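Structure record follows, encoded as structure tokens.
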Amino acid sequence: MYSLGIESTAHTFGVAIMDDKGNVLANEKDLYTTEEGGLIPFKLGEHHVDVCGKILKQALDKANLTLKDIDLISYSQSPGIGNALKVGCDVARSLHILHNIPVIGVNHCVAHLEIGRLRTGMQDPVLLYASGANTQIIAYDGGKYRVFGESIDGGVGNFIDSFARELGLGFPGGPKVEQLALKGKNLIPLPYSVKGMDVNFGGLFTNLTQKIKSAKYTKEDLAFSVQETVFAMLVEVSERAMAHCGKTELLLGGGVACNNRLQEMCKIMCEERDAKFASPENQFLVDNAAMIAWLGILQYKARPISLKLDEIDIKPYLRTDQIEVYWR
Ligand code: AMP
Ligand code: MG
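Numbers given in the working numbering equal positions in the sequence shown, counted from 1, plus 9.
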């Protein structure tokens, strides 16, 4: 069985093809980037429309398949930016109409967790999902992926990108901040904001903009201190979730999880509590269509029912913990 997945929740338009044994035949994407400034929703939509045909063809060519070989289309239905989601949804709908292929809508956050389980072989992990728009600590309990903690303002990636923008770096800022941080020498005290199981970054951001304006600190020290502070917040809530749930595996997901320092800090925490730590390869950490194709397979095998034409829609605000996990 071949599943074609379409990702378009935010900056990435991706198409991937997977088989039901978990092999990735193609995982193609085009990322919307800027030299300066952030994401503008309607421009994201335009970008995705511009690249969707090319990426679809690229994926089929790479897998050496045609649309006639595809048994299932899955697309990211939730959550995300409406303008961006709409493009992936329209591509799925068109393929369904033209080629009569069954369609499944999947939740992007859950897809991060399932591709992580597939690639690492973890059974029942706590997921630290640290991406652009989303920052959640997720674990399976009673038929759902529950959110045990999260950012109560923006996602950690968006926060790092905003910080990078203040320093005059373009989008995405995360990798540039990571490089700068390697040259930082001094830890500058910064607001550390953990409220129970939740985190937030707003106060820290305001504090940083003042520090940048004051010109008293080097960019390198600021980048270093930002990473040390926010990653410590994330590791703290992840550890507490593991302790509360009695789970012994920590899995990473999301683009920020590509950061080597965050991975190192998670690894140290897990070693200290005799837990396992793992992270899939970077191409499956950032937004990618392989995870959408894979979750489509899991869902369709458990419930082989295609969405009807009028159900092929977008749900920008649907949360991780609203999804019924009927395939586990
Ligand atoms: P996602 O939304 O999961 O695709 O992740 C995108 C986010 O990951 C953006 O905010 C990037 O700045 C961030 N990101 C990517 N690579 C890194 C890195 N090495 N360190 C920190 N953040 C990163
Ligand atoms: Mg994501």
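Quick reminder that beta carbons are idealized off the backbone N, C-alpha and C, glycines included.
Predicted model only: the values in this text are computed from it and were never measured.
In the structure shown, Q86 adopts extended strand secondary structure according to DSSP, grouped into three states. Under the three-state reduction of DSSP output, I124 falls in the helix class. The shortest C-alpha to C-alpha distance from A299 to any of A68, G166, G152 and L53 is the one to A68. The residue from C118, N269 and Y149 with its alpha-carbon nearest to that of A190 is N269. By the neighbour-count criterion, in which a residue is buried when 16 or more other Cβ atoms sit within 10 angstroms of its Cβ, I110 is buried. L176 carries a coil assignment under DSSP once its states are collapsed to helix, strand and coil. Where L304 is concerned, the enclosing alpha helix (DSSP H) starts and stops at A299 to A311.
In the three-state DSSP reduction, V208 falls in the strand class (E or B). By the criterion of a C-beta distance shorter than 7 Å, F240 is surrounded in its chain by R270, L271 and M274, once the five residues flanking it on both sides are discounted.
Within the stretch 18 to 72, the complete alpha helix (DSSP H) segments at least 4 residues long are 50 to 72, listed from N- to C-terminus. Taking a cut-off of 8 Å for Cβ pairs, the stretch 117 to 124 and the stretch 300 to 311 touch, as three or more such pairs fall below it.
The Cβ atoms of G158 and D170 do not sit closer than 8 Å to each other. By the criterion of at least three beta-carbon pairs nearer than 8 Å, the stretch 83 to 101 is in contact with the stretch 317 to 327. Membership of Q236 in the alpha helix (DSSP H) is indicated by the continuous run K228 to C254.
Relative to the Cα of L65, the nearest Cα in the group D39, A287 and E248 belongs to D39. Three or more beta-carbon pairs separated by less than 8 Å link the stretch 254 to 262 to the stretch 132 to 149, which places the two stretches in contact. Here the alpha carbons of I332 and G151 stand approximately 12 Å from one another. Annotation for E187 indicates a beta carbon within 7 Å of some heavy atom of the ligand AMP. Per the coordinates, the alpha-carbon of K194 lies some 20 Å from the alpha-carbon of K222. Taking C-alpha positions only, C98 is separated from H108 by approximately 15 Å.
Close CB contacts of K285 within its chain, under the 6 Å cut and outside five residues either way in sequence, are with E258 (chain order). Shortest Cα-Cα distance from L104 to any of L81, R126 and T43 involves L81. Beyond the five residues adjoining it in sequence on each side, T218 comes within less than 6 Å, by CB distance, of E175 in the same chain, given in chain order. For L74, there is no enclosing beta strand (DSSP E), as DSSP gives it neither H nor E.
Per the C-alpha coordinates, the member of I106, F214 and Q236 positioned closest to L196 is Q236.
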